[in-house]
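For reference, the structure is listed below as structure tokens.
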Amino acid sequence: MKLVLGLARPSLGSVSIDGRNPASDWELRSRFGFVPEYECFYDHMTGRGYVAHFLQLQGVSPDEAGERAADLLDDLGLVEAMERRIRTYSHGMRQKTKFARAIAHDPDILVLDEPFQGTDPTTRRLLMERIRKWAGEGRTILLSSHILHDVEALTDSIVFLSGGQVLAVGDRHAIQKLMPHVRQKVRLTPADAGQRGQLARLLLEQPSIEGVSLQRDWVEIDTSNAEAFHQALPPLLRKAKIA
Numbered sequence: 000m001k002l003v004l005g006l007a008r009p010s011l012g013s014v015s016i017d018g019r020n021p022a023s024d025w026e027l028r029s030r031f032g033f034v035p036e037y038e039c040f041y042d043h044m045t046g047r048g049y050v051a052h053f054l055q056l057q058g059v060s061p062d063e064a065g066e067r068a069a070d071l072l073d074d075l076g077l078v079e080a081m082e083r084r085i086r087t088y089s090h091g092m093r094q095k096t097k098f099a100r101a102i103a104h105d106p107d108i109l110v111l112d113e114p115f116q117g118t119d120p121t122t123r124r125l126l127m128e129r130i131r132k133w134a135g136e137g138r139t140i141l142l143s144s145h146i147l148h149d150v151e152a153l154t155d156s157i158v159f160l161s162g163g164q165v166l167a168v169g170d171r172h173a174i175q176k177l178m179p180h181v182r183q184k185v186r187l188t189p190a191d192a193g194q195r196g197q198l199a200r201l202l203l204e205q206p207s208i209e210g211v212s213l214q215r216d217w218v219e220i221d222t223s224n225a226e227a228f229h230q231a232l233p234p235l236l237r238k239a240k241i242a
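Note that numbering that gives the first Met the number 0 has the sequence shown beginning at 0, numbered continuously upward.
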């Protein structure tokens with residue numbers, strides 16, 4: 000992530016965005032919004048003051064910065080907490096504040112490093128919705144995550160890295176074909192939460208399923224034959240009239 004953001008220089012190879020080097024191109028770097036994995040707050044500030052502070056560093060007037068910060072935090076579910084000091088925030092509230100700061104200056108490239116780490120299901124769902132919204136507005140989003148489900152749910156293209164080496168590149172289906180017998184967890188969220196039990200019973204009958212657990216909002220399955228599972232799933236859902 001630091002290489003893409005221009006915060007570190009590669010020991011081998013190069014990084015180029017639109018033919019430009021982020022390490023030396025300050026105008027290019029201004030197009031980035033970054034959600035880091037690590038903490039990066041001034042805890043004595045309020046959430047609104049914190050986001051507004053970074054907008055003012057971009058040249059936005061104090062009044063406009065305060066208004067934009069309030070709108071962003073409201074959109075991320077922090078309307079009742081934006082005037083509290085960040086030191087009182089939960090982990091999920093801090094993650095939302097990171098997102099507000101990252102998107103505040105209207106960047107066209109968002110770099111998200113483990114953005115859902117430690118968040119509860121409600122916060123995770125809201126952040127995913129916002130990421131989809133921002134992607135739909137034409138922004139490029141680079142997301143790093145060790146949680147395969149999150150990657151599958153959000154991305155068009157996946158790159159697997161290990162030790163700085165690229166192991167695989169492709170969309171979700173291409174990646175799954177490269178590891179058909181690797182044990183995977185899959186989450187299924189029916190539109191009607193009342194159908195979770197019915198869905199779990201149907202899944203337990205499938206030979207490709209090794210385990211099923213009911214969660215608050217979804218059904219989680221274990222499979223070592225993802226290809227067979229994904230082939231069997233659509234007709235099973237249609238027959239049971241589960242959306």
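Heads up, the beta-carbon is just placed ideally off N, CA and C, and yes, glycines get one too.
Which of helix, strand or coil DSSP assigns to residue i
i	result
R186	strand
T87	helix
E209	coil
T154	coil
I102	helix
A167	strand
F115	coil
G193	helix
D221	strand
G32	strand
R138	coil
R19	strand
M109	Note that residue 109 is Leu in the sequence shown, not Met. It is a strand residue.
For residue j and residue i, the rounded distance between their alpha carbons
i	j	result
G12	Q164	12 angstroms
E82	D112	26 angstroms
L201	V211	10 angstroms
S223	L232	15 angstroms
R8	G162	17 angstroms
L198	D155	27 angstroms
H148	R186	7 angstroms
Y37	K97	10 angstroms
M0	F159	14 angstroms
S23	F31	14 angstroms
I220	E66	44 angstroms
Q183	D170	16 angstroms
M194	A239	Contrary to the premise, residue 194 reads as Gln rather than Met in this sequence. In a straight line, the C-alpha of Q194 is about 10 angstroms away from that of A239.
T122	G91	6 angstroms
I208	E26	51 angstroms
L177	L6	33 angstroms
G76	R129	11 angstroms
D73	A190	26 angstroms
P106	V59	14 angstroms
Unbroken alpha helix (DSSP H) run spanning residue i, endpoints
i	result
F40	Here F40 belongs to no alpha helix (DSSP H), and DSSP marks it neither H nor E.
G135	P120 to G135
D74	P61 to D74
Neighbour-count burial assignment, residue i, 16 or more Cβ in a 10 Å radius
i	result
N20	exposed
I146	exposed
V181	exposed
R131	exposed
A51	buried
A68	buried
P234	exposed
R86	exposed
G18	exposed
Q175	buried
R237	exposed
Where the beta strand (DSSP E) through residue i begins and ends
i	result
F159	I157 to S161
L4	Where L4 is concerned, there is no enclosing beta strand (DSSP E), although the alpha helix (DSSP H) it sits in stretches over K1 to L4.
L11	Note, L11: premise wrong, no beta strand (DSSP E); not H, not E.
Integer-rounded CB distance, given that residue j should sit under 8 angstroms from residue i
i	j	result
D42	R84	7 angstroms
A103	L71	6 angstroms
R93	F40	7 angstroms
F115	S89	About 14 angstroms; that fails the 8 angstroms criterion.
R138	L109	6 angstroms
Interface flag, residue i vs chain C, CB-CB below 8 angstroms
i	result
S144	The chain inventory of the structure shown lacks chain C, comprising one protein chain alone.
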